[in-house]
Every structure is written in C-alpha cells, then in structure tokens.
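**Q** Residue numbers (the working numbering): 110 to 478.
Think of the CB as a built atom: it goes at the ideal place given N, C-alpha and C, for glycine as much as any other residue.
Every value quoted in this text rests on a predicted model; they were computed, and no experiment measured them.
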Amino acid sequence: MATDYYEVLGVARSATADEIKAAYRKAALKYHPDRNPNNAEAEAKFKQASEAYHTLSDADRRAHFDRFGSAPTGPSGMPDFQQINIEELFSDLMGGLFGNMGGGVGSFVRGQTRGGRDIPYELVITLEESARGCEKTVEFERPAVCETCTGRGATPGTEVDTCPACAGRGEVRYQQGFFKMSRVCGRCGAKGTIPREPCVKCTGSGVVKRMEKLQVLLPAGVDDGATRSVDGYGEAPGNGLPSGKLEITVRVASHSVFSRDGQDLRCTLPLSFPQAALGAMVDVPTLEGSAKLRVPAGIQPGQELRLRAKGMPRFGGFARGDQIVTVQLEVPTTLNDQQKALIEQLAVSFGQETHPQQKTFFEKLKELL
C-alpha cells in the first residue's frame, strides 16, 4: 500500500502550505538524526517525513499525489529523495528563527565566507551624559584588509592559485547522513585562493589587526542597553568580501544619588524629625544642580514627593520625566543630656493618642496573642 504522506505529517488533505510546513518542522525536529543518534527507527521516520514534505510542499507534486496516490518518481522508481537538498530545506524552514543572525541554518556557516563578522563593543557613559546627550570617542581593534597586498594575501606582483581543498568556493561540503553540510575551508580560510608567495605583513591571510577610532554621537535620553550599528567597521575578511559592523551597546554607569525608572529619576531625601513633623523647605540635588522642594508638615517615611520635569529627557522628544523623591526619616544616634530630657518631655506630652498607627499595631498584636 502506498504511503499516505498526509498521514505521515499528521495533516488533513485540505491543509495549507503553511500547515504542511509547520507539521514537517515538528516531525523533522523530533526525528532529526542528530537528536536520535544510532536510532534506525527515528532515521526512517525522518526520511519518510522529508519525502512527504518534498512531495506535498510542491503544487505539481502534490497534485500528482492527490490524483494517483503516489509521488512523481525518479529514475529508480522511488521518490527522488537523493535530489532533496536538506540543507536548503532547513534554511527555508528555519530562516525566520535565525533571520537576525544573517541567514537561516543552511546559510549560517556559509555566511562566514560572504562577509566579515560583527564586532561587539560596550560604551560606558555617565547618567549625566545620558541626560544631555554626548559625543564619545570609541577606540577598538579589528581585523582589517592588509594595505600591502590589498587583501589578496600574496606579495604584490605575484599570483594566487585556486585552493585545491575547496575548488575556490571557500567552503568544504560533505555528507552527514541525509544532510549536505558545509564548513569554512581550513586550507584557505574561506578565501578560495592560496598565494604562491605569502605577503610578509599579513603572512598570507590578507588581514591585519588595526586600531580604529570613531566619534559616536549619542542623543539625549539614550537608555542603558541601547545599541547602534556602524557599517564597515566590523571584521574585514579580505578577498573583496564586505566588512561586518561595529555593534555598539550603551551602558549607563550607576549613579551615587540617582536611579533611573523609565524617564523618571529617583532619589532618597533624609529628613530630621523636626523637618518631617513641622514641614520645611529643603534643597534637593538634581542633574541640573540643586532645586527647592517644599516638605509638608507631618510627612511620613517612605512617602514620595515629585519634582516636575526634572527627570530624563524622552528619547527623540523635548518632554522630560519627573524626579521622584522618597522621604527617609533620619534618627540621631547620639544625644546629649539636654536633648534626651527634651525628647522625654515631648514623649510625655504626646501620649498614646497621638500615635494611631502604633496603637493599631498593638491592638493587632493582642489579637494574635
């Protein structure tokens, strides 16, 4: 009995192309030989699922199968499985998962021969620089094209030969199970050529280490973790291939007074008991100097006060966040005799009725006990 490819993939005959692709992805990942080493049953199911997808993913082959109950056959009379490029198949299926890495699974290794890799760089700035924007000098080392041989790897005036290991492709292809795999050629380093007389400066690689210096302009309000790419300042593989990018990640150093909360800034304001009880006008530090803040009488520890438009500028705009000030009651650690006597008199004059929170606490404590 002919194999029912719809049943193999677990889809209905009316399944869409996306549903067929999703079903195959699930089966392929489950029965992948790398996940099931030395498992003949899993290997057979993987091959069967691949045959099913090869047939049902093509409109003409699927129409043939729906009409005759079998797939179009190759010269051997069986589905022409050997002609399925599994590497490209997985590149198509998984491209969305690896799109940010410069290609799908099938092209990820080969991508190293098509251009230079990106270079990560962390740029540390202060909170003040983040608030007002700044221009910073970035210095870094990167592999760059050798100026002596212009990236050919050969002494000027001499010839280069096609690499015999990869036939000039820059990659070596090989078969692993049902997969056609590829890796960077170790003989020529992905260049595809071998110099007859290696360049003395770069020893034939076509690439040398070079210190670079860039001026980077950061806008006001830039946040920690923000990234910026600079084309052409990544790894330069030579041989006429394009350079990668310099991937700059901004890191805002911690501040001794402020912490950032979105566009708002937070800080703590220590107050003495008289200031908290009677109210006061106090000086509060901001990123632009000190500012006056009115503290209402009877304010409680942990209560927040707000200074409007004293926070961080909103990225790309002119509005600013606020500065949120959290009150902290500062209790003196040492008292002289006169101060102790005055506080004792104050405590007597307060009595219990002036401490409703304390009274409620003791009432709850009695209930628990």
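Alpha carbon to alpha carbon, how far is residue 376 from residue 402? Give it in angstroms, no decimals.
**A** Taking the straight line from one Cα to the other gives about 13 Å.
**Q** Could you pull the start and end residues of the beta strand (DSSP E) that residue 237 belongs to?
**A** Segment 236-241 is the alpha helix (DSSP H) holding residue 237; no beta strand (DSSP E) there.
**Q** Going by the beta-carbon positions, is the gap between residue 411 and residue 436 smaller than 8 Å?
**A** In this structure, residue 436 lies closer than 8 Å to residue 411 by Cβ.
**Q** So the candidates are 389, 297, 346, 175; which of them puts its Cα closest to the Cα of residue 115?
**A** When only C-alpha atoms are compared, the closest one is 175.
**Q** Once the 5 residues before and after residue 415 are set aside, which same chain residues still bring their CB inside 8 Å of it?
**A** Same-chain partners within the cutoff: 431, 432, 433, 434.
**Q** Count the C-beta pairs between the region 267-279 and the region 326-333 that are closer than 8 Å, then say yes if the count reaches three, no if not.
**A** The answer is no - the region 326-333 does not touch the region 267-279, with fewer than three Cβ pairs under 8 Å.
**Q** Could you tell me the distance, in whole angstroms, from the CA atom of residue 311 to the CA atom of residue 253?
**A** Roughly 10 Å separates the two Cα atoms.
**Q** DSSP state of residue 382, grouped into three classes?
**A** Residue 382 falls in the helix class under three-state DSSP.
**Q** Can you pull the DSSP bridge partners for residue 401?
**A** DSSP, once it has assigned bridges, lists 392 as partnering residue 401.
**Q** Just to confirm, does residue 255 get its C-beta within under 7 Å of one of the non-hydrogen atoms of the ligand MG?
**A** Among the ligands in the structure shown, none appear at all, so the ligand MG cannot be discussed.
**Q** Which word fits residue 455, buried or exposed, when buried means at least 16 other C-beta atoms lie within 10 angstroms of its C-beta?
**A** With fewer than 16 Cβ atoms within 10 Å of its Cβ, residue 455 is classed as exposed.
**Q** For residue 222 and residue 270, what's the separation of their Cα atoms in angstroms?
**A** Residue confidence for residue 222 is low, a pLDDT of 44 falling below 50, so the modelled location carries little weight; the figure read from the coordinates is stated next. Approximately 18 Å, taken between the alpha carbons.
**Q** Provide the residue span of the alpha helix (DSSP H) that contains residue 135, from first to last.
**A** Here the alpha helix (DSSP H) through residue 135 covers 126-140.
**Q** For residue 458 and residue 360, what's the separation of their Cα atoms in angstroms?
**A** Roughly 54 Å separates the two Cα atoms.
**Q** Can you name, in chain order, every residue of its own chain whose Cβ lies under 7 Å from the Cβ of residue 186, other than the five neighbours on each side?
**A** Low confidence applies to residue 186: its pLDDT is 42, below 50, so where it sits in the model is not reliable, and the reading given next is rough at best. Cβ within range, chain order: n/a, list empty.
**Q** Taking residue 270 as part of the beta strand (DSSP E), name the residues at either end of that continuous run.
**A** Residue 270 -> beta strand (DSSP E) spans 269-271.
**Q** According to DSSP, what are the bridge partners of residue 302?
**A** For residue 302, which the question treats as bridged, DSSP gives the partners 271.
**Q** Residue 317 to residue 238, Cα distance in whole Å?
**A** Their backbone Cα atoms lie some 34 Å apart in a straight line.
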